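Asker: Residue numbering for the sequence shown is -17 to -1, 1 to 618, as defined by mature numbering (1 follows the signal peptide of the UniProt record, and there is no 0).
Cβ atoms here follow ideal geometry from the backbone N, Cα and C, with glycine treated the same way.
Source: prediction; values computed, not measured.
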Amino acid sequence: RQVIFFLLCVCVWQSRAESLRYSLAEEMERDSFVGNIAQDLGLAPSQLAARKARVVSEGSQQLFRLNPSSGVLTAKESLDREEICPQSEKCSLFFTLFLDNPLQMIRGEVEVVDVNDNSPVFPEKEMILEILETTPPGSRFPLERARDKDVGSNGLKNYSLESNSHFSLAVTTKNDGAKYAEVVLDNRLDREEQEELSLLLTATDGGSPPRSGTAQIRIVVLDANDNTPVFSREVYEVRLAENTPQGQLVVRVAAIDPDKGSYGKVRYTFSQTSDGMQQLFGLNPDTGEIRVTGKLDFEENRKHNMMVRAADGGGLSAHCKVQVEVVDTNDNPPDIQLTSHIVSIPEDAPPRTVVAVFSVRDRDDGENGRTECIIEGDLPFILTPTFDNYYELRTNAELDRETTAEYNISIRATDWGQRRLSSVERLWVQVSDVNDNAPAFIQELYSLWVTENNRPMVRIGSVAARDADAGSNARVQYALVREEGQEQPALSVNSESGEVYVVRSLDYERVRALEVRVRAVDGGSPALSAQAVVRVLVRDENDNAPVVLHPGGESGAGELVPRWAPAGYLVAKVVAVDADAGQNAWLSYELAKATEPGLFRVGLHNGEVRTARFPLARDAPRQSLVVVVKDHGRP
C-alpha cells in the first residue's frame, strides 16, 4: 500500500516563503508531475511567465522542467534513486527557482522516494566454509553479506537458513544498521560420518511484496586443527591523504597461528568487502600488506571499512576490521555557476542595481572548501553575498556611457587551501545610452556673409552641433528661434544638415546685417536643446550711381567770378552722395567739359571748382562747365 501510495500521488510542502519541498517516487515515467510551483507560491501561472521563471538544478545535469504557462514542475527523465544516491539513505535533489522583475531566488528540494525494485544479491552464489570437526558447539561463522540497492524498509530485512540438524542462523545488526548473518554450530560435527553439508541461505527485504535472493553454503568438515589465527588488533585505523599514490602501503595486518605446518600458515583475504572497495585497495595474501591500488577521492567517499579474514591451512579463521579515513587535499578549484546575467544596463541605473547572480562551490572540505570572491581591477561594481554560496554582482557607482560604453568584468573565486586554487568567470556588460547630454554647438556665434542682390534660397554657410549620446538620443535637428510677433525671417536652416540659406534677395542699402538664433534639438525623450547666434553680414554691390545734391536742377547753376579773381579762387562746390558703401561710395570729381579748358579746375575729392589762372580779357564772359562725379565701384 505504501508503494502504491507513492506511485499515485506526490507530496508537496513549503517550509518557508523561500523554500519548496516535494517528493517523487523513483522509476516514475518521464514528465511525471512533481508539484505545482505557481500554486505553492500563491502566484498565477501568468506571473511566472511574465517574471521569466526558470529552474536550475544543482550539479551538471538538469533533472527538472518548469512549464511557465501552468506553473507545473515535472521530471525530465525517469529517476533511479540507486543511480543518483547510491550511498545515501535519503536521496534529495536540490534546485533553485529564479524569478525576474524583481529578481527573486527560491530554493527547492525534491526527495526521491525509494521503491522496492531491487532484490537482495549475494556476492557469490556459493559460499564454502571449512569447519574443523573439533569445533565446539556455539561457534559462529560469518557469512558474506547480501546487498540490496534499495534503502529503508525496502532494504535488506532478514536472513533465513533451511532446516538442518547441525546449524542455525544468527542475524546481528551493526551500529550502521547493516545486518550480518552468521551460521552457529549447534551440534558437533563428525567428518567420518559426513564430510560435507549443503545449506540454502535466503536473504529477504522488507518491501511489499518482499523480494529475496539465495546462496548455497557448502560446509567442508576438516580434520582436527586446534588453534585459530589471532590478529594483533581487532581494529586497524589508518588516515590517508586522497592524493596518496598507487602502491602506497596502507597497513600491514598480522595474525599468528601457533600450529605447525599448513595448520600454522596464515593466508589473508578480504571478507564482507564490496567490489568497489577491492578496486581501491589490494591485499597481499601472504604478508597481510594492504596497499592503494586505485584513486582515492575524499569528495566521493570519506571513509572505507574493510574486513580481513585470516585463515590457516586447517580452515580456522579470524577476522579484523580495517578503517581507512581519507584526508582531504585541496585538489578542486572553486566552481563558478552563472545563473542570471543582464547583458545591457542603462547608464542612469541607480547604484546597487543587480547585474548578475552566480554561485561558487568547492567540493573540498574545511578551509580547502572555503572560498572568497573578488572583482579584478578597479570597476564600479561590487559583490554581495546572498545565501548558500550565492553572490549578486551589483553596480557600485553611477555609470556614464560616454566615458565607458562596456565593461569586461573578471570575477575570481579563490579557496583558502594551503595551495590556493582559483577560477575566473568573465562577464560582458554593455552600458545603454540615456539622453543625458544636450547638443553643443561648435561655436556660440557664427558670422556669415552674403552679397546683396543675391538670388533667393542661396546657401551661405552651416551650423553644427554635436551630441555625446548615441542613437536617436544623438540625432540633432536644427530650427530657427522665432520670437512671438516677429515677422518671417530672411533666413532658413536645414533641419538635418544645419545649412543656412537666405530666403529672399537682400538690399545692403536697406539691411546691412541680420541676426537670428538657431536651436539644436536631439531625438531623446524628453528632448534636450542648445542655441547659437547666427549673424549674417550683407556685402555691398555697386548698384547705386552718385547723386548730385548741389547744384540742383537739370540746368545747373550760375556763378559769378570777378575779373580780378586770382588763381585758386573758389567759384563753386559740387556736392554729391552715393547710397553704396566702401569704395563703391568713394567719389571723385572731374572737369569733363569747359568753354575755356585751362581757366578752371575741380578738386578730385572735394568737388571744389576753382580758377586755375587769372581771367584774361580774351576769355569769354560766360563759361560753361560740366563736372562728372564717379564712384570707385566695379563697374
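Just the Cα atoms here: how many angstroms apart are Glu308 and Val218?
Answerer: 13 Å
Asker: Tell me whether the beta-carbon of Ser61 lies closer than 8 Å to the beta-carbon of Glu10.
Answerer: yes
Asker: Apply the 10 Å Cβ neighbour rule to Asp131 and answer buried if 16 or more other Cβ atoms are within range, or exposed otherwise.
Answerer: Label assigned to Asp131: buried.
Asker: Ordered along the chain, which non-local residues of its own chain (more than five positions away) have a Cβ less than 7 Å from that of Ala396?
Answerer: Only residues of its own chain outside the window of five on either side were considered, and among them Pro317, Ile319, Val343, Thr354, Cys356, Ser405, Ser406 have a CB closer than 7 Å to the CB of Ala396, listed in chain order.
Asker: What separation, rounded to the nearest whole angstrom, lies between the Cα atoms of Gln199 and Ser143?
Answerer: Straight-line Cα distance between these residues: approximately 12 Å.
Asker: Per DSSP, Gly18 forms a beta bridge with which residues?
Answerer: Leu56
Asker: Have a look at Val204, Ser146, Gly189 and flag the residue whose alpha-carbon is nearest the alpha-carbon of Arg171.
Answerer: Selected option, being the one with the closest Cα: Val204.
Asker: Going by other Cβ atoms of all chains shown within 10 Å of its Cβ, with 16 needed for buried, is His533 buried or exposed?
Answerer: exposed
Asker: Starting from Asp188, trace the beta strand (DSSP E) in both directions and tell me its first and last residue.
Answerer: 179 to 188
Asker: Rounded to the nearest angstrom, what separates Ile358 and Glu65 at their Cα positions?
Answerer: 41 Å
Asker: Taking Ala254 as the reference, give the member of Phe264, Ala27, Gly247, Ser245 with the closest Cα.
Answerer: The amino acid at residue 254 is misidentified as Ala; the sequence shows Ser. Comparing Cα positions, the closest option is Phe264.
Asker: Who are the Cβ neighbours of Ala575 in its own chain at under 8 Å, not counting the five residues just before and after it?
Answerer: Val609, Val610, Val611
Asker: Within 8 Å, do at least three Cβ pairs link the stretch 83 to 91 to the stretch 117 to 129?
Answerer: no
Asker: Determine the contact status of Asp416 and Asn477, defining contact as a CB-CB distance below 8 Å.
Answerer: no
Asker: Helix or strand or just coil, what does DSSP make of Asn50?
Answerer: strand
Asker: Note down the Cα distance separating Leu(-10) from Thr322, rounded to an integer number of angstroms.
Answerer: Because the pLDDT of Leu(-10) is 34, which lies under 50, any placement of that residue in the model is unreliable, and the number read from its coordinates should be weighed accordingly. Approximately 34 Å, taken between the alpha carbons.
Asker: Below 6 Å CB to CB, which residues in the same chain sit around Val154 once its five sequence neighbours on both sides are set aside?
Answerer: Tyr142, Lys162, Ala164
Asker: According to DSSP, is Glu295 helix, strand or coil?
Answerer: At residue 295 the sequence reads Asp, which differs from the Glu that was named. Reduced to three states, the DSSP call for Asp295 is strand.
Asker: Determine contact between the stretch 590 to 598 and the stretch 543 to 563, defined as no fewer than three beta-carbon pairs at a distance below 8 Å.
Answerer: yes
Asker: Under 8 Å Cβ to Cβ from Pro120, same chain only, skipping five residues before and after it: list those, please.
Answerer: Leu168, Asp169, Asn170, Arg171
Asker: Along the chain, which unbroken stretches of the alpha helix (DSSP H) at least 4 residues long are found entirely within the stretch 236 to 324?
Answerer: Secondary structure remark: continuous alpha helix (DSSP H) runs of at least 4 residues inside the stretch 236 to 324, in chain order: 258 to 263.
Asker: Of the choices Ile111, Ile67, Leu24, Gln30, whose alpha-carbon is the least far from that of Ser43?
Answerer: Ile67
Asker: Return helix, strand or coil for Ile425, following the three-state DSSP convention.
Answerer: coil
Asker: I think Tyr484 touches Val521, with their Cβ atoms under 8 Å apart; what is that distance to the nearest whole Å?
Answerer: Their Cβ separation, rounded to whole angstroms, is 15 Å, which puts Tyr484 and Val521 out of contact at 8 Å.
Asker: Given this structure, state the Cα-to-Cα distance separating Thr252 from Val236, to the nearest angstrom.
Answerer: 11 Å
Asker: Note the first and the last residue of the continuous beta strand (DSSP E) segment covering Glu327.
Answerer: Reading off the sequence, residue 327 comes out as Ser, not Glu. Where Ser327 is concerned, the enclosing beta strand (DSSP E) stretches over 327 to 329.
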